[in-house]
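Protein chains: 2
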Amino acid sequence: MRDPVRPSRRNEIRQANEALILQAAEKVFAEAGFGGATMQLIADMAGLPKANLHYYFATKEDLYRRVVQNIFEIWLHAAEAMDDASGPIAGIGAYIEAKMEISRRHPDGSKVWAYEVMHGAPVIQDYLETTLREWTAGRTALIRKWIAEGKMAPVDPDHLMYMIWATTQHYADFGHQIATLNGGPLSDAAWAAAKESVKAIILRGIGALE
Amino acid sequence: MRDPVRPSRRNEIRQANEALILQAAEKVFAEAGFGGATMQLIADMAGLPKANLHYYFATKEDLYRRVVQNIFEIWLHAAEAMDDASGPIAGIGAYIEAKMEISRRHPDGSKVWAYEVMHGAPVIQDYLETTLREWTAGRTALIRKWIAEGKMAPVDPDHLMYMIWATTQHYADFGHQIATLNGGPLSDAAWAAAKESVKAIILRGIGALE
DNA sequence: CTTTCATCTGACCATACGGTCAGGAAAAGA
DNA sequence: TCTTTTCCTGACCGTATGGTCAGATGAAAG
């Protein structure tokens, strides 16, 4: 009997190729949208024959769905720092930092998500209605608690979340526009300044005290 | 000689059909992206034969370019209220209100712009480098002036603009996600609350005093 | 070695796409 | 009315796309 924990050579091949394809697909979907992306382009970027893609992912939609799910899970994890915090300055500050860092490291995933939602979320509507809804309810409850404890001003928690999502993801989704206005991609220092600007305005804007 | 001011019957036809096609195109491009949109879909939505579209717009790209230019000009005009103001509370407040209203009235245009920028601005790169750059420089100069006059906190004007753009356009681009979390489209009251929330957080966040 | 099964791939197919074109219909001018 | 110009459209074309499949290749099991 084979040990399922220690991956066999075959499992290694499968995992490596799926990761390779997903990485290429994320980039192509981000650059061209679902309709503009072609399996041939993704195959070329992954360095594999097109037929091989269809061996691992039955259809273009399957592949796209996996890419969207990836970024969604990354975002969900970003809020863990928020839950452990005792107040908005630490909690929301850490969440903003985490989201900004994701925008910097995974701009393509962010774009694919934006593309998906903008077009009516045809493949992840169920996620929005279940996982994201519950997730948001939990975080807005935490914000309401902080408001009740007098740790921040009585702002609408939903609109606050939208502002955080919008602003942090803007640095990924509209990175090209920002780079053009900036005269080139943001440097390390410029990214740090962006983080601080966003944190400063939002934390002051919600009257965070602790 | 024909009077060029009073439009002839032919000019009426041309103007009406171009507007009809542009309206349909904006919707289809917003729903499907450039690659996912088809001339046939746009034609069906406009109620015209596909060949008729090619009579008014030579190529799909020409049509797309016109749609993108439309929303860009609408946005540029939205800042006029800002220029006339004597301080950030009136100026930035009015600008946010105007941008929010556009997100509500022209969500499709906003999505097409987002799509275009996200994919590297292939058809409006020159606009970003010229018109938008100058426009932004003018507005950040105004903000710097207000800061120098002690009318607001010394925030980075560029990142403030990004935050305003990101947040206001989020209500258009991610309107579907917001509607899902909200349990349906935003009501008139909910839109008003959103406007007030955004204005309150940002104006407090930049320490606006006048 | 033999068998088995996952992995891989060139060649192929039906479909749908953007765009063209010849010629008809309608409006404007003479 | 006759001519000219614009407007309109069904039919068509070359191309590119997502997806299929038979069969080759390579790894593991007996």
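As they're listed, the protein sequences go chains A and B. For what it's worth, our numbering labels the leading residue of the first sequence as 1210, then goes sequentially. For what it's worth, our numbering labels the leading residue of the second sequence as 1210, then goes sequentially. Every residue, glycine too, gets a C-beta built ideally from N, C-alpha and C.
Item to complete: Compare the C-beta of Lys-1320 of chain A against all C-beta atoms of chain B and say whether one is closer than 9 Å.
Response: Taking the first sequence and counting its residues from 1, one reaches residue 1320 of chain A at position 111. At least one chain B Cβ lies under 9 Å of Lys-1320 of chain A.
Discussion item. Please report the straight-line C-alpha distance between Thr-1349 of chain B and Val-1237 of chain B, rounded to a whole angstrom.
Written reply: As a working mapping, residue 1349 of chain B is identified with position 140 in the second sequence. As a working mapping, residue 1237 of chain B is identified with position 28 in the second sequence. Their Cα atoms are separated by approximately 35 Å.
Worksheet entry | Residues from the stretch 1283-1311 of chain A in contact with chain B, defined by Cβ distance under 9 Å | none
Worksheet item: Is the CB-CB distance between Leu-1412 of chain B and Ile-1301 of chain B below 9 Å?
Response: Along the second sequence, one-based indexing puts residue 1412 of chain B at 203. Along the second sequence, one-based indexing puts residue 1301 of chain B at 92. A contact, by the Cβ cut-off of 9 Å.
Item to complete: Compute the Euclidean distance between the alpha carbons of Asp-1367 of chain B and Glu-1240 of chain B, then round it to the nearest angstrom.
Response: What you label residue 1367 of chain B is simply residue 158 of the second sequence in a count that begins at 1. What you label residue 1240 of chain B is simply residue 31 of the second sequence in a count that begins at 1. So the two alpha carbons sit approximately 30 Å from each other.
Worksheet item: Quick one: does His-1328 of chain B have its CB under 9 Å from some CB of chain A?
Response: Position 119 of the second sequence, counted from the start, is the residue given in the question as residue 1328 of chain B. Interface residue, yes.
Discussion item. Taking the straight line between their C-alpha atoms, what separation do you get for Asp-1365 of chain A and Ser-1406 of chain B?
Written reply: For the purposes of this step, residue 1365 of chain A is identified with residue 156 of the first sequence, where counting begins at 1. For the purposes of this step, residue 1406 of chain B is identified with residue 197 of the second sequence, where counting begins at 1. Roughly 7 Å between the two C-alpha positions.
Fill in: Gly-1245 of chain B: contacting residues in chain A (beta-carbon distance under 8 Å)
In the second sequence, residue 1245 of chain B corresponds to position 36, counting from 1. What Gly-1245 of chain B touches in chain A: Gly-1242, Phe-1243, Gly-1244, Gly-1245 and His-1328.
Discussion item. If you measure between the beta carbons of Ile-1280 of chain A and His-1328 of chain A, is that distance less than 9 Å?
Written reply: In the first sequence, residue 1280 of chain A corresponds to position 71, counting from 1. In the first sequence, residue 1328 of chain A corresponds to position 119, counting from 1. No, Cβ-Cβ distance for Ile-1280 of chain A and His-1328 of chain A is not below 9 Å.
Discussion item. Below 8 Å, how does it come out for the stretch 1263-1270 of chain A and the stretch 1282-1294 of chain A: are there three or more Cβ pairs, yes or no?
Written reply: no
Fill in: Top-ranked residue by Cα proximity to Arg-1223 of chain A, from A:Ile-1251, A:Glu-1235 and A:Tyr-1265
Your numbering for residue 1223 of chain A matches position 14 in the first sequence. Ranking the options by Cα distance to Arg-1223 of chain A, first place goes to A:Tyr-1265.
Worksheet item: Considering Pro-1316 of chain B, what are the terminal residues of the alpha helix (DSSP H) in which it resides?
Response: Start at 1 with the first residue of the second sequence, and residue 1316 of chain B comes out as number 107. Residues 1316-1327.
Discussion item. For the stretch 1383-1403 of chain B, list every residue whose C-beta sits within 7 Å of some C-beta in chain A, in sequence order.
Written reply: Phe-1383, His-1385, Gln-1386, Ile-1387, Thr-1389, Leu-1390, Ala-1402 and Ala-1403
Worksheet item: Can the beta-carbon of His-1385 of chain A be found closer than 9 Å to that of Ser-1312 of chain A?
Response: Position 176 of the first sequence, counting from 1, holds the residue named residue 1385 of chain A. Position 103 of the first sequence, counting from 1, holds the residue named residue 1312 of chain A. It is not a contact, given that the beta carbons lie outside the stated cut-off.
Item to complete: Figure out for me which residue from A:Gly-1414, A:Gly-1296, A:Arg-1275 and A:Tyr-1371 has the closest Cα to the Cα of Phe-1333 of chain A.
Response: The residue you call residue 1333 of chain A lines up with position 124 of the first sequence. Rather than Phe, the amino acid found at residue 1333 of chain A in this sequence is Ile. Closest by alpha carbon: A:Arg-1275.
Discussion item. Measuring alpha carbon to alpha carbon, tell me which residue in B:Ile-1251, B:Gly-1244, B:Glu-1221 and B:Ala-1225 is nearest Ala-1233 of chain B.
Written reply: Within the second sequence, the letter at position 24 stands for residue 1233 of chain B. Out of B:Ile-1251, B:Gly-1244, B:Glu-1221 and B:Ala-1225, B:Ile-1251 has the C-alpha closest to the C-alpha of Ala-1233 of chain B.
Worksheet item: Between the Cα of Glu-1310 of chain A and the Cα atoms of A:Trp-1400, A:Ile-1415, A:Gly-1416 and A:Ile-1410, which residue gives the shortest distance?
Response: Your numbering for residue 1310 of chain A matches position 101 in the first sequence. Of A:Trp-1400, A:Ile-1415, A:Gly-1416 and A:Ile-1410, the residue nearest in Cα terms is A:Trp-1400.
Practice prompt. Find the residues of chain B that neighbour Thr-1376 of chain A, judging by a C-beta separation of less than 7 Å, and give them in chain order.
Written response: In the first sequence, counting from the first residue as 1, residue 1376 of chain A sits at position 167. Per Cβ cutoff of 7 Å: Met-1372, Ala-1375 and Thr-1376.
Worksheet item: Would you report the Cα separation of Asp-1212 of chain B and Glu-1221 of chain B, rounded to the nearest angstrom?
Response: In the second sequence, counting from the first residue as 1, residue 1212 of chain B sits at position 3. In the second sequence, counting from the first residue as 1, residue 1221 of chain B sits at position 12. Confidence in Asp-1212 of chain B is poor, its pLDDT being 39 and thus under 50, which makes the residue's placement too unreliable to answer from.
Practice prompt. Ignoring anything shorter than 3 residues or poking outside the stretch 1254-1285 of chain A, list the beta strand (DSSP E) runs there in chain order.
Written response: none
Worksheet item: Within this structure, are the beta carbons of Met-1361 of chain A and Gly-1296 of chain A separated by less than 9 Å?
Response: Along the first sequence, read from residue 1 onward, the residue named residue 1361 of chain A stands at position 152. Along the first sequence, read from residue 1 onward, the residue named residue 1296 of chain A stands at position 87. Yes, they are a contact pair.
Item to complete: Return the CA-CA distance between Gly-1244 of chain A and Ser-1396 of chain A, expressed in angstroms with no decimal places.
Response: Taking the first sequence and counting its residues from 1, one reaches residue 1244 of chain A at position 35. Taking the first sequence and counting its residues from 1, one reaches residue 1396 of chain A at position 187. In a straight line, the C-alpha of Gly-1244 of chain A is about 33 Å away from that of Ser-1396 of chain A.
Practice prompt. Taking C-beta pairs closer than 9 Å, name the residues in chain B that Leu-1250 of chain A reaches, listed in chain order.
Written response: To locate residue 1250 of chain A, count along the first sequence from 1; it is residue 41. Ordered by position in chain B, no residue passes the 9 Å Cβ test against Leu-1250 of chain A, which lies about 11 Å from the chain.
Worksheet entry | Inter-residue spacing [alpha-carbon to alpha-carbon] between Ala-1246 of chain A and Thr-1376 of chain A | Here residue 1246 of chain A is taken as the residue at index 37 of the first sequence, counted from 1. Here residue 1376 of chain A is taken as the residue at index 167 of the first sequence, counted from 1. Spanning the two alpha carbons is a distance of roughly 27 Å.
Discussion item. So for Leu-1229 of chain A, helix, strand or coil by DSSP?
Written reply: Within the first sequence, residue 1229 of chain A is the residue found at index 20, counting from 1. In the structure shown, Leu-1229 of chain A sits in a helix (DSSP, three-state: H, G or I).
Discussion item. Taking the straight line between their C-alpha atoms, what separation do you get for Gly-1347 of chain A and Lys-1408 of chain A?
Written reply: The residue you call residue 1347 of chain A lines up with position 138 of the first sequence. The residue you call residue 1408 of chain A lines up with position 199 of the first sequence. Distance between the alpha carbons of Gly-1347 of chain A and Lys-1408 of chain A: 21 Å.
Worksheet entry | Proximal chain B residues relative to Val-1407 of chain A, where beta-carbon distance stays under 9 Å | Here residue 1407 of chain A is taken as the residue at index 198 of the first sequence, counted from 1. The contacting residues are His-1368, Tyr-1371 and Met-1372.
Discussion item. Between Arg-1413 of chain A and chain B, is any beta-carbon pair separated by less than 9 Å?
Written reply: Looking up residue 1413 of chain A in the first sequence gives position 204. Closer than 9 Å: yes.
Worksheet item: What residue from A:Phe-1383, A:Gly-1414 and A:Asn-1391 has the CA that sits closest to Ser-1319 of chain B's CA?
Response: Residue numbering aside, residue 1319 of chain B sits at position 110 when the second sequence is read from its first letter. Minimum Cα distance to Ser-1319 of chain B is reached at A:Phe-1383.
Item to complete: Compare the C-beta of Gly-1416 of chain A against all C-beta atoms of chain B and say whether one is closer than 9 Å.
Response: Against the first sequence, residue 1416 of chain A aligns to sequence position 207. Taking Cβ atoms only, chain B reaches closer than 9 Å to Gly-1416 of chain A, which makes this a yes.
Discussion item. Is the beta carbon of Thr-1345 of chain B closer than 9 Å to that of Leu-1390 of chain A?
Written reply: On the first sequence, position 181 is the one that residue 1390 of chain A refers to. On the second sequence, position 136 is the one that residue 1345 of chain B refers to. Yes. Within cutoff.
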